[in-house]
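In the working numbering, the protein residues as written are 8 to 326.
Only one structure is covered here, and it is reproduced in the block below.
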Amino acid sequence: MPFSPTPAEPVEQIDLRCLPTWERHDRMLGAFDRLKPGQAVRFLNDHEPKALRGSIEAEREGIILWDVRNMGDGSWSIVLTRLPQAEAQGDPPRLAFLRRCTMFRAASRDIMREIDRAARDRSYHDRMIIVAEGVNSPSLGIVRRGVVEVTLTPEEGREIVLYDVLPYSMYNEAAVFDEGTAEATVVARGEVDTVELPAAFVRGLLARSPEVATGCARFFAQRQRRLTGAAGNLAFGRVLTRIARVLLDYASPDAGLARGVGGVERITQTDLAARVGTVRDMGSRALSHLQEVGAIELKRGRVARLDRAKLEEVVRPSA
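Dropping the structure here:
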């Protein structure tokens, strides 16, 4: 039973914003489990659901399709679609992965098979450079497993992390679509698997497939919102609130101090400083303060546990 690429109209809408964060996981999972294959449910949330996504995908691996959008008014729309079991769809693993990427979700089966034929699998170890700033890199990358960082290193030599790229998202899109050099460096954080598509193939694909072009436009709009938020955080926030905002992405929805998600334990103090545009010493002082107020717990200088509610209290006065 092949899965239809046409997005399903949600059968239910649930506003999570009135619930404590630690109750949202079970509410989402319960609503998802009531769906039949091909049905969808929509949620409204008050923050990017990175931690929720990680935990729910792990529990319903292979049968859940996410569509998360920052709506620009402080709310996030989350649409979960229940997929048929993998064996019922009849797709090989890479093709099944590509179907779940925002850019390709509405593409026809023929287009998807064409994309799969052009794709190449790649693997990278921790800290390996995938794309170097200023170099011609004629491939569009899509993260399949792990996380990559997109970074800039100004002339003074202090690295700045612009954003993370998570599974089902792409990188090096600027060089692919304007045919220039890479505007940033892309680095593996941990073990990473990617799928790469030749730049010329991707440009031709957009000219031939309005569905893929629309998917890319939607992806770019969401990335623009993320970059705008990051720029505002760097420009206007204190170091303390900037670091608290970054850590919120890794905070579990559970009540109280809880283990971080998404590989936060691998992030060094130097990494955190790079993410908020400061030096390591100032970042270290901010982390110490956050530990003093009970917002985080440090082990060997790295963040081990986080309290989402207390991190939100730190951020809220500057919001």
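C-beta atoms are modelled at their ideal positions from N, C-alpha and C, and glycine is treated no differently.
Just so it is clear, the structure is predicted and the values come from calculations on it, not from any experiment.
Between the alpha carbons of Arg34 and Leu318 lies a gap of roughly 23 Å. Judged by DSSP secondary structure, Arg282 falls within the alpha helix (DSSP H) whose first and last residues are 276-283. Burial check for Asn179: the Cβ neighbour count within 10 Å reaches 16 or more, so the residue is buried. Where Ser84 is concerned, the enclosing beta strand (DSSP E) starts and stops at 83-89. Here Leu72 is near Leu90, since their CB atoms are less than 7 Å apart. Here Lys306 has no same chain residue with a Cβ atom under 6 Å from its own Cβ, once five neighbours each way along the sequence are excluded. Selection Phe111, Met177, Ser84, Ile118 evaluated against Leu51 yields Ser84 as nearest (Cα-Cα).
Under the Cβ criterion (8 Å, minimum of three pairs), the segment 183-191 does not count as touching the segment 244-262. Contact between Pro17 and Val75 does not hold, since their C-beta atoms are separated by about 14 Å, which reaches or exceeds 8 Å. Arg41 carries a coil assignment under DSSP once its states are collapsed to helix, strand and coil. Minimum Cα-Cα distance from Ser259 among the listed residues Ala302, Val202, Gly290, Arg225 corresponds to Ala302.
Ala265 and Arg292 have their C-alpha atoms some 22 Å from each other. CA-CA distance, Val172 to Asp261, rounds to 24 Å. For Leu147, the enclosing beta strand (DSSP E) has its first and last residue at 146-159. When the beta-carbon positions are compared, Gln276 and Arg287 come within less than 7 Å of each other. The C-alpha of Ser82 is placed about 22 Å away from the C-alpha of Pro174. When only Cα atoms are considered, Ala139 and Thr158 end up about 10 Å apart. Pairing Gly153 with Gly197 gives a Cβ-Cβ distance under 7 Å.
Three or more Cβ pairs closer than 8 Å define a contact, and the segment 216-230 falls short of that threshold against the segment 140-150.
Assignment of beta-bridge partners to Val18 by DSSP yields no partner. Non-local C-beta neighbours of Arg31 in its own chain, meaning closer than 6 Å and more than five positions away in sequence, comprise Leu23, Pro260, ordered along the chain.
Nearest in C-alpha terms to Glu19, of all of Val253, Gly37, Gly239, Val283, is Gly37. Counting along the chain, Thr201 sits inside the beta strand (DSSP E) bounded by residues 192-205. In the DSSP assignment, the residues bridged to Lys306 are Arg309. Beta bridge pairing from DSSP links Arg127 with Glu203.
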